[in-house]
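Everything in the sequence shown is counted per my numbering, starting at 57 for the first residue and increasing by one.
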Amino acid sequence: MSARVAGKRKGETMSRRLVLEFPEELQEKDLQDNEVLLKAKEAAVMELLRKGKISQGKAAELLQLSRNDLVDLMAKYAIPVFEATPEELKEGIKNLKATLGRERA
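In structure tokens, the structure reads:
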């Protein structure tokens, strides 16, 4: 399978298309099936999200999903909703403990 990206010419509304090539034995009408097209777009957007090329907000926008639905989809694709280094997590816990300590005083 191969793919190419095509864009619109200067002066037109900017958009990109991902063109996939399949063997001739697959029927074109099957490849034009709306569910197949939506799943292909979903997979491409999720891979861009996984690689950090787009934000979660942009992914939700592109797929026309709510934030909650995007989180569910990310789980399906095993994409973490939140990534942090161990040091960042330790710092966050330290800050949370300090905040909670101040509220109790």
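The C-beta atom is built at its ideal place from N, Cα and C for all residues, glycine as well. Note that the coordinates shown come from a computational prediction; the quantities given were computed from them, not determined experimentally.
- Around the beta carbon of Ala115, 16 or more other beta carbons sit within 10 angstroms, so the residue counts as buried.
- Secondary structure note for Val75: its beta strand (DSSP E) is the uninterrupted segment 72-77.
- By the Cβ neighbour-count rule, Val92 is exposed, with fewer than 16 other Cβ atoms within 10 Å of its own.
- By the neighbour-count criterion, in which a residue is buried when 16 or more other Cβ atoms sit within 10 angstroms of its Cβ, Leu145 is exposed.
- For Pro142, the secondary structure class from DSSP, reduced to helix, strand or coil, is helix.
- Here Leu119 is not near Ile110, since their CB atoms are 8 Å or more apart.
- Between Leu94 and Gln112, the C-beta spacing is not below 8 Å.
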